[in-house]
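Chemist: In my numbering, the protein residues as written are 773 to 1200.
Could you have a look at this structure, given as structure tokens, before my questions?
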Amino acid sequence: MTFQQLGIIPSILNALKKEAYVNPTPIQEQAVPPVLKKKDLLGCAQTGTGKTAAFAVPILQLLAEQGSVSPKKIRALVLTPTRELALQIQESFVAYSRFLPLKTCVIFGGVPQNPQVQQLKKGIDILVATPGRLNDLIAQGFIKLQDVQIFVLDEADRMLDMGFIHDVKKVIEKLPKKRQTLLFSATMPKEIEELADTILRNPVKVTVTPPATTVEAIEQSVYFVDKENKRRLLIHLLQSSEIESALVFTRTKHGADRVVRELTKAKIRAAAIHGDKSQNARQKALGDFKQHRTRVLVATDIAARGIDIEELSHVINYDIPEVPETYVHRIGRTGRAGMSGIAISFCDINEKADFDRIEKLIGKKVTEVPEHPYPMQITTPTPKSELRRNRGQRPVRQQPQPQKRKRRRRDRNPNPRNHRNGLRKRRL
Ligand code: AMP
């Protein structure tokens, strides 16, 4: 299948050539034709599957076919949960429309609104926005949505996780009833299904990876390790292996800062990206990482959502996420667009139950790396009540039983990945 066979017009084909896209990805193959036919779409796809182009390309084509409108009006609106995603989507629209007279503008919170308002005043065709800032600017009368013909709700499940669903519904109320709607979500919780039912009309359903399953191209492994040894294990892996660069996830902002401090002490270049950092600091951290000036980017889930880092080989779950779907989102940062990736998880005894839930969700056992310098010594979980009371306090050390554990795990998995294999970088 080629983009030409999907019926893409020459000016966009040329832009895609400049992006070095040779063939459409599966989501593009499936989504482009119905969107061009002005159908509603329910896309169950993660970031990394090429979903941005799957909606951006046909939207640009539909608008281009209408010709230029003067003065310009917002004819397409893309709502996405984070600033990073909003910027990336806008960059994609700009790239694919480089030979078209269409203008895209991006707005998000956390920065002064004035430059954004100035951009809007010049007239735009496509608006990419996060929900909070969009509602602010609507309330102040700077944005009207009455001419929107195509509405994209991106990462709907994450909107829900981040508590934006009310803001999203407020935006939807302002949209014309007669419109084309495209909804994308990596997972389909009940609330999103209900929302989809109310805002989509006879949608074409497109699923590229079944909900909540893990991209096949990603090699996953887990190290069972005590909480207090995680930082040593991380430094050990980074010092002794072929990991060129890694995105490391922590549950908390403090945790992210702590990991950066430890890595910096060990002379490993690292930076953190989380909600307490200014927009500038986040952009710089991301830029430095992309340019390989820093080797490790430590992020919280919300900050990292959807950030697009081409050729990211390793994702490390320094903490195991409490919500199993978050694991799928995290490891989806690697293994993008045909490239394979490696996801490594550090699991302590108190996270074991969460990890079991993750394995249940993805429907397979993650390979354990049994041979490493910091095998788990603490094998009894801290009672939940104590965990809450003594947050951060170390659990009681039990008699170490490493041999017994190892044998049990090996039995379960006859072919455990050895330490080096677990770190192998591979391209498809
Ligand atoms: P997305 O899922 O939209 O975040 O896209 C993931 C990555 O795949 C981005 O870096 C895109 O530039 C890239 N990409 C999207 N479509 C294609 C394609 N047809 N061929 C090669 N790369 C692509």
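Every residue, glycine too, gets a C-beta built ideally from N, C-alpha and C.
Report yes or no: do three or more beta-carbon pairs, one from the region 792-803 and one from the region 928-939, lie closer than 8 Å?
Modeler: Short answer: they don't touch.
Chemist: Taking Thr902 as the reference, which of Lys941, Val807, Gly913 and Ile971 has the closest Cα?
Modeler: The residue labelled residue 902 in the question sits at position 130 within the sequence shown. Cα-wise, what sits closest to Thr902 is Lys941.
Chemist: When DSSP labels each residue in this structure, what does Ser957 get in the three-state scheme?
Modeler: Here residue 957 corresponds to residue number 185 of the sequence shown, with the count starting at 1. Strand.
Chemist: Span of the alpha helix (DSSP H) holding Val940?
Modeler: One-based indexing of the sequence shown puts residue 940 at position 168. Counting along the chain, the alpha helix (DSSP H) containing Val940 begins and ends at Ile937 to Lys946.
Chemist: Along the beta strand (DSSP E) that carries Lys977, what are the first and last residues, could you check?
Modeler: In the sequence shown, residue 977 corresponds to position 205, counting from 1. Val976 to Thr979 is the span of the beta strand (DSSP E), which, as asked, contains Lys977.
Chemist: What do you reckon, is the C-beta of Gly820 under 7 Å from a heavy atom of the ligand AMP?
Modeler: Taking the first residue of the sequence shown as 1, we reach residue 820 at position 48. Checking the Cβ of Gly820 against the ligand AMP gives yes.
Chemist: Could you pull out every unbroken alpha helix (DSSP H) segment of at least 4 residues lying fully inside the region 800-885, listed in chain order?
Modeler: Correct list: 823-838 and 855-868.
Chemist: Is DSSP giving Ile1008 helix, strand or coil here?
Modeler: Translated into positions along the sequence shown, residue 1008 becomes position 236. Here residue 1008 turns out to be His, not Ile, going by the sequence shown. Note: His1008 maps to helix in three-state DSSP.
Chemist: Helix, strand or coil for Glu991, going by three-state DSSP, please let me know.
Modeler: Counting from 1 along the sequence shown, the entry for residue 991 is found at position 219. Strand at Glu991.
Chemist: Arg1102 and Phe996 look like a contact to me (Cβ under 8 Å); what is the Cβ gap, rounded to whole Å?
Modeler: Start at 1 with the first residue of the sequence shown, and residue 1102 comes out as number 330. Start at 1 with the first residue of the sequence shown, and residue 996 comes out as number 224. The Cβ separation is near 18 Å, so there is no contact.
Chemist: If you count every other CB in all the chains shown that lies within 10 Å of the CB of Pro1174, and 16 or more means buried, which is it?
Modeler: Against the sequence shown, residue 1174 aligns to sequence position 402. At Pro1174 the pLDDT is 39, less than 50, meaning the model places this residue with poor confidence and gives no usable figure here.
Chemist: Helix, strand or coil: how does DSSP classify Ile1208 here?
Modeler: Outside the modelled stretch of the chain, which goes from 773 to 1200, sits residue 1208, for which no answer is possible.
Chemist: At the level of alpha carbons, what is the spacing between Val878 and Gln776?
Modeler: Reading the sequence shown from its first residue, position 106 is the one you call residue 878. Reading the sequence shown from its first residue, position 4 is the one you call residue 776. Near 29 Å, if we compare the C-alpha coordinates of Gln776 and Val878.
Chemist: Is it the case that the CB of Asn1282 approaches a heavy atom of the ligand AMP more closely than 7 Å?
Modeler: Absent from the model: residue 1282. The displayed extent of the chain is 773 to 1200, so no value can be given.
Chemist: Going by C-alpha distance, which of Pro948, Arg951, Lys962 and Lys949 is nearest Ala928?
Modeler: Taking the sequence shown and counting its residues from 1, the one referred to as residue 928 is at position 156. Out of Pro948, Arg951, Lys962 and Lys949, Lys962 has the C-alpha closest to the C-alpha of Ala928.
Chemist: Using 8 Å as the Cβ pair cut-off and three pairs as the minimum, do the region 860-868 and the region 1085-1094 touch?
Modeler: Verdict: no, contact absent.
Chemist: Under the rule that 16 or more other beta-carbon atoms within 10 Å means buried, what is Pro843, buried or exposed?
Modeler: The residue you call residue 843 lines up with position 71 of the sequence shown. Exposed, since its Cβ has fewer than 16 Cβ neighbours within 10 Å.
Chemist: Report the CB separation of Ser1017 from Val1141 in whole angstroms; it is logged as a contact under 8 Å.
Modeler: Numbered from 1 along the sequence shown, position 245 holds the residue referred to as residue 1017. Numbered from 1 along the sequence shown, position 369 holds the residue referred to as residue 1141. At roughly 20 Å, the Cβ-Cβ gap does not stay under 8 Å, so Ser1017 and Val1141 are not in contact.
Chemist: Enumerate in chain order the residues of its own chain whose CB-to-CB distance from Ile1040 is below 8 Å, with the five nearest sequence positions on each side excluded.
Modeler: Residue 1040 sits at position 268 when you count from the first residue of the sequence shown. Contacts found: Ile1007, Leu1010, Gln1011, Arg1067 and Val1068.
Chemist: What's the call for Arg1065, buried or exposed, on a 16-neighbour Cβ count within 10 Å?
Modeler: Taking the first residue of the sequence shown as 1, we reach residue 1065 at position 293. It counts as exposed.
Chemist: Within its chain, find whatever has a CB closer than 7 Å to the CB of Leu785; leave out the 5 residues flanking it on each side and keep chain order.
Modeler: Residue 785 sits at position 13 when you count from the first residue of the sequence shown. Cβ neighbours of Leu785 beyond the five flanking positions: Phe775 and Gln776.
Chemist: Could you round the C-beta distance between Val900 and Arg847 to whole angstroms and report it? I think they count as a contact, below 8 Å.
Modeler: Stepping through the sequence shown from its first residue, residue 900 is reached at position 128. Stepping through the sequence shown from its first residue, residue 847 is reached at position 75. Actually they are not in contact, since the Cβ atoms of Val900 and Arg847 sit about 13 Å apart, beyond 8 Å.
Chemist: Report whether the distance from the Cβ of Ala825 to the nearest heavy atom of the ligand AMP is below 7 Å.
Modeler: Taking the sequence shown and counting its residues from 1, the one referred to as residue 825 is at position 53. Indeed, a heavy atom of the ligand AMP lies less than 7 Å from the Cβ.
Chemist: Would you please state the rounded distance, in angstroms, between the beta carbons of Phe914 and Leu892? I believe it to be under 8 Å.
Modeler: In the sequence shown, residue 914 corresponds to position 142, counting from 1. In the sequence shown, residue 892 corresponds to position 120, counting from 1. Rounded, the Cβ-Cβ distance is 6 Å, consistent with contact.
Chemist: For Glu1140, list the residues DSSP reports as bridge partners.
Modeler: For the purposes of this step, residue 1140 is taken as the residue at position 368 of the sequence shown. In the DSSP output, where bridge partners are listed per residue, Glu1140 has Val994.
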